[in-house]
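Trainee: Plus 12 on top of the position in the sequence shown (first one is 1) and you've got the numbering used here.
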Amino acid sequence: MKRRVISIILCGLMVTGLLSGCGDSASSTTTSTTGSSGADTTADVADSATSDSASAESTTAEASTSDVSGSLTIWEHDTAFESSLEAVVEGFKAKYPNVDVEYEFKSDDYQNALTIAIQSGDAPDVFWTNGTATAYFGEFQKADALMDLTDIVDTSELPEDGLSIGTIDGKLYSVPWSCVDTRACYYNKDLFEDNGWDVPKTFDEFEKLLQKEKDAGYIPISLSPNNAWCLLFAFEPILSAYDSDYTEGLADYSVKATDDPARGAMNKMLEWADKGYFGDNYLGVADGNAQVLTFTSGEAVMDIDGSWDTNTFLENNPNLNLGAFQIPDNNGKTGMVGTLANGFSIYKGTKNADAATAFLQYCATTEAQQAWVDGQGAVSGNKNVKSGSAVAEEIANCDTMYTSWQAVLTKHAKDGENASTLFENDITKVFTGDMTTDEFFDEIANVMQ
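Given below as structure tokens:
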């Protein structure tokens, strides 16, 4: 019987370093909420001394939140997180009515846009980063662009293990979310039922299923070969099923990111591309948005993608009978690649430090964490936060948890080298035929420890 991987997470076996957000935003979008000083912050006074004391404490706390004012600009990297951010901002505004909040969703060039904004001294007050999952976070910290939150934000309501994604040299520079950024094979349950297909129990069965789906006139897997993250979020679950023993070895670096199983899994994907399992014209799937649309429209049966897109699928097609499973290895073992997602940092040069600090403190509360997880329909990695959907429970129904292959690139690159950037720049070239699998992995091997 499978055991919920969430129990593993809560026992502290979670690993760090996962990217979030594959979907591309066509352009920046901005939303504003305006503060109001008319909120009633007066607590009811009870007759008993105990009630008097509680009321006084409540009134004091509410008064202190009313004293915080100013304006905040928040940058988030993808509209896939819009429902979560809206819910968190709404909760924050209820407690801090005198803070004006404006949030923006930037384009797929988010990292460059943020880097330029920081270099020009015109960064947003609060912004998302991938934390230690990518090199940018460390570069921002070295440039003294991140506020040290260690003694400012109370993180006692968060899982301790999850804080590492926002920690450098023992100091906290971002607040993580309690949702597990993971990958899963999403599928259209109605198409499965209509065609008599079963969720596969082995990797061989999964491959046979792909051919059955193609023979039935469908695209088996929706995939964009033109977006590095979309390729990564398919590659890692396929890798874990292709060779689960190798994937387990990534956790302690007893295997290398460029060893034969990793090359073999990528070659397997290229083999599937040649067989039409990603569609005959998959090279024209421009980005993550197009990948999601191909799936939610019913043109494709499955989409191997990030857990943060669960609600996006359902927003695109509310009638979609959505299911999810982890691809099994040939022994029937299933695993989930993932860690707690990173959240927001504060720009050290902000002119709205009190409001920004208040916002990050609110983000660290169970209330805000639950709102974020619910907005994503995500798997929860916090014992005090419930998973956001029934699909999230299906995603978590597996045997173990795996380290992200990409996280190894970030953690074990040689000093001064950036293997993660090589991956990001060149993995698409493998799928468009401009680079061989061995050329891709060999260049990464040259900068790895």
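Beta carbons: idealized from backbone N, C-alpha and C, even for Gly. All of these numbers come straight from a predicted model, not from anything done at the bench.
Assign Lys183 to buried or exposed, taking buried as 16 or more other Cβ atoms, counted over all protein chains shown, within 10 Å of its Cβ.
Mentor: Counting Cβ neighbours within 10 Å, Lys183 comes out exposed, since fewer than 16 surround it.
Trainee: Enumerate, from N- to C-terminal direction, the unbroken alpha helix (DSSP H) stretches of 4 or more residues contained entirely within the segment 231-304.
Mentor: Those alpha helix (DSSP H) runs which fall completely within the segment 231-304 and span 4+ residues are 240-254, 256-261 and 272-286.
Trainee: Are the beta-carbon atoms of Ser190 and Val349 separated by less than 8 Å?
Mentor: Not in contact: Ser190 and Val349 (Cβ atoms no closer than 8 Å).
Trainee: Just to confirm the assignment: which complete beta strand (DSSP E) runs, minimum length 3, are found wholly within the segment 384-459?
Mentor: 412-414, all fully within the segment 384-459.
Trainee: Does DSSP put Thr362 in a helix, in a strand, or in coil?
Mentor: Of the three classes helix, strand and coil, the one that applies to Thr362 here is coil, per DSSP.
Trainee: Pick helix, strand or coil for Ala61, following the three-state DSSP scheme.
Mentor: For Ala61, the pLDDT reaches just 36, beneath the cut-off of 50, and the residue's location in the model is therefore unreliable, although a value from the coordinates is still provided. Three-state result, Ala61: helix.
Trainee: Rounded to the nearest angstrom, what separates Ala73 and Phe245 at their Cα positions?
Mentor: For Ala73, the pLDDT reaches just 44, beneath the cut-off of 50, and the residue's location in the model is therefore unreliable, although a value from the coordinates is still provided. Between Ala73 and Phe245, the C-alpha separation is close to 43 Å.
Trainee: Can you grab the Cα-Cα spacing for the pair Thr62 / Asp173, in whole Å?
Mentor: Because Thr62 carries a pLDDT of 38, less than 50, the predicted location of this residue cannot be relied on, and the following value inherits that uncertainty. Using only the alpha carbons, I get a separation of about 37 Å.
Trainee: Give the straight-line distance between the Cα atoms of Thr444 and Asp299, rounded to the nearest whole angstrom.
Mentor: If you take the alpha carbons of Thr444 and Asp299, they lie about 14 Å apart.
Trainee: Using alpha carbons as the reference points, say which of Gly347, Asn207, Asp121 and Thr146 lies closest to Asp411.
Mentor: Closest by alpha carbon: Gly347.
Trainee: So Phe139 and Phe356 are supposed to be a Cβ contact under 8 Å. How far apart are they, rounded?
Mentor: So it is a contact: roughly 6 Å between Cβ atoms.
Trainee: Would you be able to state if there are at least three C-beta pairs under 8 Å between the segment 313-324 and the segment 89-105?
Mentor: Yes, the segment 89-105 touches the segment 313-324.
Trainee: With distances taken Cα to Cα, identify the nearest neighbour of Asn207 among Asp227, Thr306 and Cys197.
Mentor: Nearest C-alpha to Asn207: Asp227.
Trainee: In whole angstroms, what is the alpha-carbon distance linking Phe290 and Ile231?
Mentor: C-alpha separation (whole angstroms): 6 Å.
Trainee: Between the beta-carbon of Gly393 and the beta-carbon of Ala404, is there less than 8 Å?
Mentor: Their beta carbons are not under 8 Å apart, which means Gly393 does not touch Ala404 by this criterion.
Trainee: Once DSSP output is grouped into helix, strand and coil, what is the label at Val101?
Mentor: Looking at Val101 - three-state DSSP - the assignment turns out to be helix.
Trainee: Assuming the contact rule is C-beta atoms closer than 8 Å, Gly344 and Lys213 should be a hit. Round their C-beta distance to whole Å, please.
Mentor: Confirmed, about 5 Å.
Trainee: Assuming Asp386 contacts Ala106 (C-beta within less than 8 Å), just tell me the rounded distance between them.
Mentor: Contact flag wrong, Cβ pair sits at about 16 Å.
Trainee: Please report the Cβ distance between Phe337 and Val211, rounded to the nearest whole angstrom; I am assuming they are in contact, meaning their Cβ atoms lie under 8 Å.
Mentor: Rounded, the Cβ-Cβ distance is 5 Å, consistent with contact.
Trainee: Starting from Phe93, trace the alpha helix (DSSP H) both ways and give me its first and last residue.
Mentor: Careful: Phe93 lies outside any alpha helix (DSSP H) and carries neither H nor E.
Trainee: Whose CA, out of Val297, Ala277, Gln303 and Leu282, lies closest to the CA of Tyr258?
Mentor: Minimum Cα distance to Tyr258 is reached at Ala277.
Trainee: Distance, Cα to Cα, Glu283 vs Ile233?
Mentor: Glu283 and Ile233: Cα-Cα distance of roughly 13 Å.
Trainee: On the DSSP letters alone, give me the boundaries of the beta strand (DSSP E) that Gly335 sits inside.
Mentor: Note, Gly335: beta strand (DSSP E), Leu334 to Phe337.
Trainee: Kindly provide the ranges of any alpha helix (DSSP H) runs that are 4 or more residues long and lie completely inside the segment 137-178, ordered along the chain.
Mentor: Runs of the alpha helix (DSSP H) inside the segment 137-178: 147-154.
Trainee: Below 7 Å CB to CB, which residues in the same chain sit around Asn342 once its five sequence neighbours on both sides are set aside?
Mentor: These residues qualify, in order along the chain: Thr214, Phe215 and Asp216.
Trainee: Nearest to Gln123 by CA position, among Thr167, His89, Asp137 and Phe453, is which residue?
Mentor: Closest option to Gln123, Cα to Cα, is His89.
Trainee: Please identify the residue among Lys360, Cys375 and Gln303 whose C-alpha is closest to the C-alpha of Leu97.
Mentor: Measuring from the Cα of Leu97, the nearest candidate turns out to be Cys375.
Trainee: Where does Asp317 sit, in a helix, a strand or coil, going by DSSP?
Mentor: Of the three classes helix, strand and coil, the one that applies to Asp317 here is strand, per DSSP.
Trainee: For Thr194, which three-state DSSP category applies?
Mentor: Three-state result, Thr194: strand.
Trainee: Would you mind working out which of Asp446, Asn333 and Leu84 sits nearest Glu205, comparing C-alpha positions?
Mentor: Glu205 has its Cα closest to that of Asn333, out of Asp446, Asn333 and Leu84.
Trainee: Is the segment 407-427 in contact with the segment 258-271, if contact means three or more CB pairs nearer than 8 Å?
Mentor: Short answer: they touch.
Trainee: Is it true that the segment 130-144 meets the segment 363-375, where meeting means three or more beta-carbon pairs spaced less than 8 Å apart?
Mentor: With a cut-off of 8 Å, the segment 363-375 and the segment 130-144 count as touching, because enough Cβ pairs lie within range.
Trainee: On the premise that Gly103 lies in contact with Asn354, defined as a C-beta separation below 8 Å, what is that separation, rounded to the nearest angstrom?
Mentor: With 8 Å as the limit, Asn354 and Gly103 do not qualify as a contact, their Cβ atoms being about 20 Å apart.
Trainee: At what residues does the beta strand (DSSP E) containing Tyr115 begin and finish?
Mentor: Element bounds for Tyr115: Val111 to Phe117.
Trainee: Among the residues of its own chain, which have a CB less than 7 Å from the CB of His424, if the five just before and after it don't count?
Mentor: Around His424: Tyr265, Met460 and Gln461.
Trainee: Can you have a look at Ala155 and say buried or exposed, based on whether 16 or more other CB atoms are within 10 angstroms of its CB?
Mentor: It counts as exposed.
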